[in-house]
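K.L.:
Protein sequence lines, in the order shown, are assigned to chains A and B. Numbered by numbering that gives the first Met the number 0, the letters in the first sequence go through residues 0 to 341 in order. Numbered by numbering that gives the first Met the number 0, the letters in the second sequence go through residues 0 to 341 in order.
Number of protein chains: 2
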Amino acid sequence: MSELRYNVATRDWVVVAPERARRPEDFHAGRPITTADRPAHRADCPFCPGSEDHTPGETLRFCDAQGNWMVRSFPNRYPALTPESQEGRPKGNLFRRRRFGSGTHEVVAESPLHNTTLGLQSPAEIEQVLRAWRQRSQDLFHRPELEHLVVFKNHGLSAGCSQEHPHSQIIGLPVLPSSVRRRFDDAARFYQKNQGCVFCEMLRVEQEEAARVVVETYGFLAFVPFASDSPFSVWILPKRHSHCFALAETTEIRELAGVLKQVLARLYLALKDPDYNLIVHSANPPGPGSHFFHWYLSIVPRLSRMAGFELGTGMYIRSSPPEADAAYLRQVNLEALEGPKS
Amino acid sequence: MSELRYNVATRDWVVVAPERARRPEDFHAGRPITTADRPAHRADCPFCPGSEDHTPGETLRFCDAQGNWMVRSFPNRYPALTPESQEGRPKGNLFRRRRFGSGTHEVVAESPLHNTTLGLQSPAEIEQVLRAWRQRSQDLFHRPELEHLVVFKNHGLSAGCSQEHPHSQIIGLPVLPSSVRRRFDDAARFYQKNQGCVFCEMLRVEQEEAARVVVETYGFLAFVPFASDSPFSVWILPKRHSHCFALAETTEIRELAGVLKQVLARLYLALKDPDYNLIVHSANPPGPGSHFFHWYLSIVPRLSRMAGFELGTGMYIRSSPPEADAAYLRQVNLEALEGPKS
Chain A
0 MSELRYNVAT RDWVVVAPER ARRPEDFHAG RPITTADRPA HRADCPFCPG
50 SEDHTPGETL RFCDAQGNWM VRSFPNRYPA LTPESQEGRP KGNLFRRRRF
100 GSGTHEVVAE SPLHNTTLGL QSPAEIEQVL RAWRQRSQDL FHRPELEHLV
150 VFKNHGLSAG CSQEHPHSQI IGLPVLPSSV RRRFDDAARF YQKNQGCVFC
200 EMLRVEQEEA ARVVVETYGF LAFVPFASDS PFSVWILPKR HSHCFALAET
250 TEIRELAGVL KQVLARLYLA LKDPDYNLIV HSANPPGPGS HFFHWYLSIV
300 PRLSRMAGFE LGTGMYIRSS PPEADAAYLR QVNLEALEGP KS
Chain B
0 MSELRYNVAT RDWVVVAPER ARRPEDFHAG RPITTADRPA HRADCPFCPG
50 SEDHTPGETL RFCDAQGNWM VRSFPNRYPA LTPESQEGRP KGNLFRRRRF
100 GSGTHEVVAE SPLHNTTLGL QSPAEIEQVL RAWRQRSQDL FHRPELEHLV
150 VFKNHGLSAG CSQEHPHSQI IGLPVLPSSV RRRFDDAARF YQKNQGCVFC
200 EMLRVEQEEA ARVVVETYGF LAFVPFASDS PFSVWILPKR HSHCFALAET
250 TEIRELAGVL KQVLARLYLA LKDPDYNLIV HSANPPGPGS HFFHWYLSIV
300 PRLSRMAGFE LGTGMYIRSS PPEADAAYLR QVNLEALEGP KS
C-alpha cells in the first residue's frame, strides 16, 4: 500500500510504493567490479602521482611527512565555467545570457592511490579531503564575482564520473541558482514562522524517532530522511546550527570525517561499491538571509532513474521505505571491508 | 567559451559549455538495435493483442473499422498510487504523510504493434493516442480527490521504461507537486507584472529569432528552447493561449499529431531511436489561478546524466548550443524513415 510523504526542508512530496519493492540485494545484482579491483597506479591517469604536469595551476597541496602529496587541487581541464569575468550584453528582457559564463571549476584529487575511494580510506585521510574542500571554499569566497559555490563528488559512471581516479569537484558560479535560492528562502520563511531552523527541528525529530538514523555522534547525525526521494540516500547534518560548511571548526571536520567514513563504508558493503553523488549543501559566508540555512552533506546512490513522472512533477517514486534502508545500513558488518590491492 | 543562459519560464540557469562539445553523432554511437527491429507481436507481452486479460479494468478502447483496438487504456498492474482515498493521520507538524497515497495510475497502449513507436506511426495513429490522453484526462478531472494529473511517456531503458510495447502513462495525484505549483505561481507573477503570458512571449521571440525552431505550423511551434537544460530537448507549444491540454480542440489535437510526428521522426533518425521522455505540462481545468499557465509538450532525449553539480544546484551543463541542435534536427531527411517489420 503506497504512501505519500512530505519533506519539510525541500518542500517536495515523495511516493513510497512498496508494491514495486526491490530488496537491497536487487540493487547490486551482477555488479562485476569494484574500485578496489583497479590498479593502484596508472601511468595514463592524469590525476595519478607522476602526471602532475597534466594538471597545471595547482591551487592546493597537502603532503605527508615524507613530502608526498596526499590531496591536491587544480583547475579542471574541461571546465564548465572559466574565470573570464567579462559579461555579454543581455539580449532583451526574455533571453538573458552571460557570455564567458565566468566562474571557476576545480578538481580535488583525493588520494595518490588510483584504486581507493572515500569509503575505503581512513578517517584521517578523509579529514584531509574535507580540509581541502574547506580551504578552497574559503579561498574562493573572496572572489567578488562568485555568487555561489558547490562542492560535489561523482563516483562511478552512472553518477556522471568520467575519471576513475578518486576526486571531487568545486564549481564557483556567477549566479545563485534558483533552486538554491528557493531553499534559502524556504529556510528563512520557516524560521520566521516557527522561531527556529527547519533543519534543527528535523534533527530533533529524526533523533527522537531513531528509525531512520544510520550513525550518530556528539556533533553529527546521519540518517535516511523521512521523505528522501531516492533509495539509500543519506543526509549528514551537523547538530550545531551553521549555514556555511567553510566555517566549520577543525574539530567538526575531524568528527565529520569519521561519520562520512562510516556512512560510505556501509554503502560500499551494502550495495557493493555503488555509484553515487555526494553534495555539500551550503550557503556562502556573507549571503543576505543565508544564515537561516543549515549546511549538510547528501549522499545519493544512483540506483534508480528519473523518468517522465519525475521530470514532469519533480516528485519521486521509491519502493523501499526509508526506515528499511536505514535498518539495512545499520546492520552492515564493517569488518568485512577490504582495502584496495597494492 | 562557455555561456550562461536563463530560462524565463522555468527560472533556471543553464551552462552552455562548448569546450566539452560532442557532435550529434557521438550521442548515438554504437546503438545496436532500434524499436523497429523487434517482432511485431509477442505472446508474452501483456500489452499485445490477445493478452487483454492480463490488463483488466479497461478504461478506454478506440477501434478501427474492423473492430480491432488501436489504442486502449487500463490500470497499471504495479501502480505508484491506488484509488483508495482514506487518509492517515498526519504525524506532527514536521512529518506529513498520507497513507494509501490515493490517486490513479493508468497505462495507454499506443498501438497493437509491439515494434512501433510514435515517431514511426502515422499522424492519424498519433492523433488517436492524443485523443486517448485527452479523453482520460477529462474523465479523471471529475474525481474530486485528484489535485493534479500528469501524462507522460518513457521510451527506452534509460528513460525508465520497463515494457517494450509502445505505451504512455497517466498518473493522478492527490497533491499538487511543489515544483508544478511554483511553475503556476511564476506564470501568474509574470502575467501580473507584464500583462501577458510568459509562454506567449517566449513563442513570439522564438518565432522571430527562428534559429531554434524545428517545426512550425499554423497553430503550433516546436523548438529547442533558448536555455533548454538537456541536449536535443524540444518543446511543442500551442500558439493559442490555453492552460489545459484536456481542453484542446479536436482540430488542435489533429494538428499537434502532425507536429509531434515530425519532431519524433526527426529525433528517431538524427539520434537513432533515442531513449526519451515525453511530458504533457498542463494545469487542471478548474485550478485557481492556473489559467496563467500555458500547456505544452516537452520531449527530453536521455543523452546525458545528472551528476553532483545538477543535483546540488538544479542547474544543468550542456555541451551543444540549442541553435546547433535545432539546425541538426531541421536538416534530417524524413524520407529515410523505415517503419517496423511486419
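From the three backbone atoms N, C-alpha and C, an ideal C-beta is built for every residue, glycine too. All values derive from a computational prediction rather than experimental measurement.
Could you please give the first and the last residue of the uninterrupted alpha helix (DSSP H) stretch that includes A/D138?
P.N.:
Along the first sequence, one-based indexing puts residue 138 of chain A at 139. 122 to 139 is the extent of the alpha helix (DSSP H) around A/D138.
K.L.:
Under 8 Å Cβ-Cβ, which residues of chain B neighbour A/H242?
P.N.:
Numbered from 1 along the first sequence, position 243 holds the residue referred to as residue 242 of chain A. None at all; the shortest Cβ gap to chain B is about 16 Å.
K.L.:
Name the chain A residues that come within less than 9 Å of B/D11, Cβ to Cβ?
P.N.:
Within the second sequence, the letter at position 12 stands for residue 11 of chain B. Neighbours of B/D11 on chain A, chain order: P176, S177, S178.
K.L.:
Given 8 Å as the limit, is there contact between the region 251 to 258 of chain A and the region 124 to 139 of chain A, that is, 3 or more CB pairs closer than that?
P.N.:
Cβ pair count under 8 Å is three or more, so yes.
K.L.:
Given that a residue counts as buried once 16 or more other Cβ atoms are within 10 Å of its Cβ, and exposed if not, what is B/A335?
P.N.:
Locating residue 335 of chain B in the second sequence gives position 336, counting from the first residue. It counts as exposed.
K.L.:
Which residues mark the beginning and the end of the beta strand (DSSP E) in which B/Y327 is found?
P.N.:
Numbered from its first residue, the second sequence carries residue 327 of chain B at position 328. No beta strand (DSSP E) contains B/Y327, which is instead part of the alpha helix (DSSP H) from 321 to 329.
K.L.:
Can you say whether A/K152 is buried or exposed, counting buried as having 16 or more other CB atoms within 10 angstroms of its CB?
P.N.:
Working through the first sequence from its first residue, we reach residue 152 of chain A at position 153. With 16 or more other Cβ atoms within 10 Å, it is buried.
K.L.:
So, with DSSP's three-state summary, where would you put B/R4?
P.N.:
For this step, residue 4 of chain B is matched to residue 5 along the second sequence. In the structure shown, B/R4 sits in a strand (DSSP, three-state: E or B).
K.L.:
Can you tell which of B/L333, B/A326, B/L3 has its C-alpha closest to the C-alpha of B/V233?
P.N.:
Working through the second sequence from its first residue, we reach residue 233 of chain B at position 234. Here the closest residue by C-alpha is B/A326.
K.L.:
Can you find a CB in chain B that lies within less than 8 Å of the CB of A/E200?
P.N.:
If you number the first sequence from 1, residue 200 of chain A lands on position 201. Closer than 8 Å: yes.
K.L.:
Whose Cβ in chain B lies nearer than 7 Å to the Cβ of A/T81?
P.N.:
Taking the first residue of the first sequence as 1, we reach residue 81 of chain A at position 82. Those are S1, listed as they occur along chain B.
K.L.:
Determine contact between the region 203 to 216 of chain B and the region 108 to 124 of chain B, defined as no fewer than three beta-carbon pairs at a distance below 8 Å.
P.N.:
The answer is no - the region 108 to 124 of chain B does not touch the region 203 to 216 of chain B, with fewer than three Cβ pairs under 8 Å.
K.L.:
Determine, using beta carbons only, whether B/Y5 comes closer than 8 Å to chain A.
P.N.:
Residue numbering aside, residue 5 of chain B sits at position 6 when the second sequence is read from its first letter. With 8 Å as the cut-off, B/Y5 counts as an interface residue toward chain A.
K.L.:
Looking at the C-beta of B/R135, does it have a partner C-beta in chain A at a distance below 8 Å?
P.N.:
Position 136 of the second sequence, counted from the start, is the residue given in the question as residue 135 of chain B. So, not an interface residue.
K.L.:
Run down chain A in chain order and give the residues with a C-beta less than 8 Å from the C-beta of B/A306.
P.N.:
Stepping through the second sequence from its first residue, residue 306 of chain B is reached at position 307. By Cβ distance, chain A contributes F151, N153, A158, G159, C160, N276.
K.L.:
Below 9 Å between beta carbons is the criterion; list the residues of the region 294 to 326 of chain B that meet it against any residue of chain E, in chain order.
P.N.:
Although the question refers to chain E, the structure presented lacks it and instead comprises the protein chains A and B.
K.L.:
Sort out for me which residues DSSP pairs B/S318 with in a bridge.
P.N.:
Within the second sequence, numbered from 1, the residue matching residue 318 of chain B stands at position 319. None, per the DSSP bridge assignment.
K.L.:
Is the beta carbon of B/A264 sitting closer than 8 Å to the one on B/L333?
P.N.:
As a working mapping, residue 264 of chain B is identified with position 265 in the second sequence. As a working mapping, residue 333 of chain B is identified with position 334 in the second sequence. Contact flag set, yes.
K.L.:
Report the residue from B/T81, B/F140, B/S318, B/G155 whose alpha carbon sits nearest the alpha carbon of B/A245.
P.N.:
To locate residue 245 of chain B, count along the second sequence from 1; it is residue 246. Among B/T81, B/F140, B/S318, B/G155, the Cα nearest to that of B/A245 is on B/F140.
K.L.:
To the nearest angstrom, how far is the alpha carbon of A/T9 from that of A/M314?
P.N.:
The sequence position of residue 9 of chain A within the first sequence is 10, counting from 1. The sequence position of residue 314 of chain A within the first sequence is 315, counting from 1. About 11 Å.
K.L.:
Considering just the uninterrupted stretch of the alpha helix (DSSP H) at A/R188, what are its terminal residues?
P.N.:
Translated into the one-based positions of the first sequence, residue 188 of chain A becomes position 189. Looking at the DSSP string, the run of the alpha helix (DSSP H) that includes A/R188 is 177 to 193.
K.L.:
Would you say A/L93 faces chain B, with C-beta separation under 8 Å as the test?
P.N.:
Here residue 93 of chain A refers to the residue found at position 94 when the first sequence is read from its first residue. True, the Cβ-Cβ gap to chain B drops below 8 Å.
K.L.:
Assign A/Q168 to one of two classes, buried (16 or more other C-beta atoms within 10 Å of its C-beta) or exposed (fewer than that).
P.N.:
By one-based count along the first sequence, residue 168 of chain A stands at place 169. It is buried - the Cβ of A/Q168 has at least 16 other Cβ atoms within 10 Å.
K.L.:
Show which residues of chain B have a CB atom less than 7 Å away from the CB atom of A/F225.
P.N.:
On the first sequence, residue 225 of chain A is found 226 positions in, with the first residue counted as 1. In chain order: F94.
K.L.:
For A/S289, which three-state DSSP category applies?
P.N.:
One-based indexing of the first sequence puts residue 289 of chain A at position 290. A/S289: helix per DSSP, three-state reduction.
K.L.:
Closer than 7 Å by C-beta to A/D228: which residues in its own chain qualify, once you throw out the five before and the five after it? Chain order, please.
P.N.:
Position 229 of the first sequence, counted from the first residue, corresponds to residue 228 of chain A. Closer than 7 Å at the Cβ level, and outside the excluded window around A/D228, lie D11, V13, Y315, R317.
K.L.:
Does the beta carbon of B/P173 sit closer than 8 Å to a beta carbon anywhere in chain A?
P.N.:
As a working note, residue 173 of chain B is residue 174 in the second sequence. Answer yes: the Cβ-Cβ gap between B/P173 and chain A drops below 8 Å somewhere.
K.L.:
Just checking: is the beta-carbon of A/H40 within a distance shorter than 8 Å of some beta-carbon in chain B?
P.N.:
Against the first sequence, residue 40 of chain A aligns to sequence position 41. Not one chain B Cβ lies under 8 Å of A/H40.
K.L.:
Closest to A/P165 by C-alpha separation, out of A/V223, A/V262, A/S72, would be which residue?
P.N.:
Taking the first sequence and counting its residues from 1, the one referred to as residue 165 of chain A is at position 166. Looking at the Cα atoms, A/S72 is the closest of the given residues.
K.L.:
Bridge partners for B/P300 per DSSP, in chain order?
P.N.:
Numbered from 1 along the second sequence, position 301 holds the residue referred to as residue 300 of chain B. DSSP lists B/Y275 as partners of B/P300.
K.L.:
Closer than 7 Å, Cβ to any Cβ of chain A: which residues of the region 188 to 214 of chain B, in chain order?
P.N.:
Here the close residues are E200, M201, V204.
K.L.:
Give me the residue from B/P55, B/N6, B/F292 with the minimum Cα distance to B/D184.
P.N.:
By 1-based counting over the second sequence, the position of residue 184 of chain B is 185. Checking every option, the nearest Cα to that of B/D184 belongs to B/F292.
K.L.:
What is the rounded straight-line gap between the Cα of A/P143 and the Cα of A/L172?
P.N.:
On the first sequence, position 144 is the one that residue 143 of chain A refers to. On the first sequence, position 173 is the one that residue 172 of chain A refers to. Distance between the alpha carbons of A/P143 and A/L172: 11 Å.
K.L.:
So who's on the other strand from B/F219, going by DSSP bridges?
P.N.:
Numbered from 1 along the second sequence, position 220 holds the residue referred to as residue 219 of chain B. Per DSSP, B/P237.
K.L.:
Let me see if you follow: with CB-CB separation under 8 Å, is B/N166 close to chain A or not?
P.N.:
As a working note, residue 166 of chain B is residue 167 in the second sequence. In the sequence as presented, Asn is not what sits at residue 166 of chain B; that position holds His. No, because no Cβ of chain A sits closer than 8 Å to the Cβ of B/H166.
K.L.:
Along the chain, where does the beta strand (DSSP E) that runs through B/M69 open and close?
P.N.:
Your numbering for residue 69 of chain B matches position 70 in the second sequence. Its beta strand (DSSP E) spans residues 68 to 74.
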